[in-house]
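Anchor point for the sequence shown: position 42 equals 1361 in the working numbering, and the numbering is continuous, going up by one each time. Where a beta carbon is used, it is the ideal one built from N, C-alpha and C, also for glycine.
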Amino acid sequence: MTSEEQQARENLAALYQLLDQIGLGHRIYTHHSTRVPHESDFILINPFGLLLHEVSASNLIKVNHAGDAANQEEVDPNKAASIIHWAIYDARDDVQCVIHHHSAASVAVSALQEGLLPMSQGAMQFYKRIGYHDYEGLAFNPDEQSRLAASLGSHRAMLLKNHGALICARSIPEAYVLADDLEKACKSQLLAMATGAKLDLPPDVICESTARQFESLPQPRGETRDWPAALRMLDHLGIEYKT
1320 MTSEEQQARE NLAALYQLLD QIGLGHRIYT HHSTRVPHES DFILINPFGL LLHEVSASNL
1380 IKVNHAGDAA NQEEVDPNKA ASIIHWAIYD ARDDVQCVIH HHSAASVAVS ALQEGLLPMS
1440 QGAMQFYKRI GYHDYEGLAF NPDEQSRLAA SLGSHRAMLL KNHGALICAR SIPEAYVLAD
1500 DLEKACKSQL LAMATGAKLD LPPDVICEST ARQFESLPQP RGETRDWPAA LRMLDHLGIE
1560 YKT
């Protein structure tokens, strides 16, 4: 194993632990991946059957386009996960990390006809910059891959209607930041809507200018400050992920 692959494993394992900390687990049914450095035919992903907090650098598996593990003696991969993740990697060369989760907040907002509203500062980074994909059932059909990619387009986030969220980022740190921001945006919207009061949304020009301000920040997001801080938190909590 190369040092680059080991680093990718450690970063992806850290991501699993961080997403668990912010409540983005759904028993054994969420899955997150990254490309294997210099091996275009494989991604790293969790073996099917592990909870988020059980994932570590050593038990991540390499999975090919067919959804098969590189070492057949390893724990079985999640074939549905492979369909979703490879749909994005094959369509978007810029994507290095994919997060897919089923948080209650993202499912609820995905089912609203208006989708994600620009009612919070965090939500405005996704203003006209988020995809939506109609529900087609459990992700067992490879034919859905082209439609998933088309729904995402050039965006870095997508709400899968009646299903959850998909983050498609240029790095693992950016994926973490976007997932956290999208989840908080969905929760804020649902809290505001639950009051029954009329929402006071900023004008379109402010929403667009705010989205551009987010785009003017150092890119990819999260690498210089958020990610090191997140790793320090894991260390402080005594959470092991590198082994």
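Tell me whether the beta-carbon of Y1446 lies closer than 8 Å to the beta-carbon of A1530.
yes
Taking its Cβ as the centre, do 16 or more other Cβ atoms sit within 10 Å of V1374, making it buried, or is it exposed?
buried
Through-space distance from G1386 to W1405, alpha-carbon basis
9 Å
Close Cβ partners of A1511 (< 7 Å) along its chain, the five nearest in sequence each way excluded
M1438, L1518
I'd like the span of the beta strand (DSSP E) that includes D1412, first residue to last.
Taken as a continuous stretch (DSSP letters only), D1412 belongs to no beta strand (DSSP E), as it is neither H nor E.
N- and C-terminal bounds of the beta strand (DSSP E) containing I1608
Here the chain covers residues 1320 to 1562 and nothing more, so residue 1608 does not appear.
Check whether the Cβ atoms of L1379 and R1346 sit closer than 8 Å, and answer yes or no.
no
H1482, buried or exposed, once every other Cβ within 10 Å from all chains shown has been counted against 16
buried
For the alpha helix (DSSP H) containing H1372, name the first residue and the last one.
First-last for H1372: undefined, no H or E at that position.
Is it right to say T1353 is buried, meaning 16 or more other beta carbons lie within 10 angstroms of its own, or is it exposed?
buried
Along the chain, where does the beta strand (DSSP E) containing I1449 start, and where does it finish?
Run containing I1449: none; DSSP gives neither H nor E here.
When you compare the CB positions of C1505 and S1377, do they come within less than 8 Å of one another, or not?
no
Cβ-based neighbour list, A1333, same chain, cut-off 7 Å, excluding 5 preceding and 5 following
L1550, L1553, Y1560
Please confirm whether I1418 and I1364 have their CB atoms less than 8 Å apart.
no
By the three-class DSSP mapping on this structure, what secondary structure does A1530 have?
helix
Just the Cα atoms here: how many angstroms apart are D1462 and Q1326?
33 Å
Over what stretch of residues does the alpha helix (DSSP H) that includes S1470 continue unbroken?
1463-1471
On the DSSP bridge list, what partners appear for G1483?
L1479
Limits of the unbroken alpha helix (DSSP H) element including R1569
Residue 1569 is absent from the model: the chain starts at 1320 and stops at 1562.
Within 10 angstroms of its Cβ, does D1409 collect 16 or more other Cβ (buried), or is it exposed?
exposed
According to the neighbour-count rule (16 or more other Cβ atoms, all chains shown, within 10 Å of its Cβ), is V1496 buried or exposed?
buried
Look at the alpha carbon of L1467 and the alpha carbon of M1320, and state the distance between them as a whole number of angstroms.
32 Å
Does the Cβ-Cβ distance between A1430 and K1480 come in under 8 Å?
yes
Between which residues of its own chain and A1389 is the CB-CB distance below 8 Å, once the five residues before and five after are set aside?
F1361, I1380, K1381, V1382, N1383
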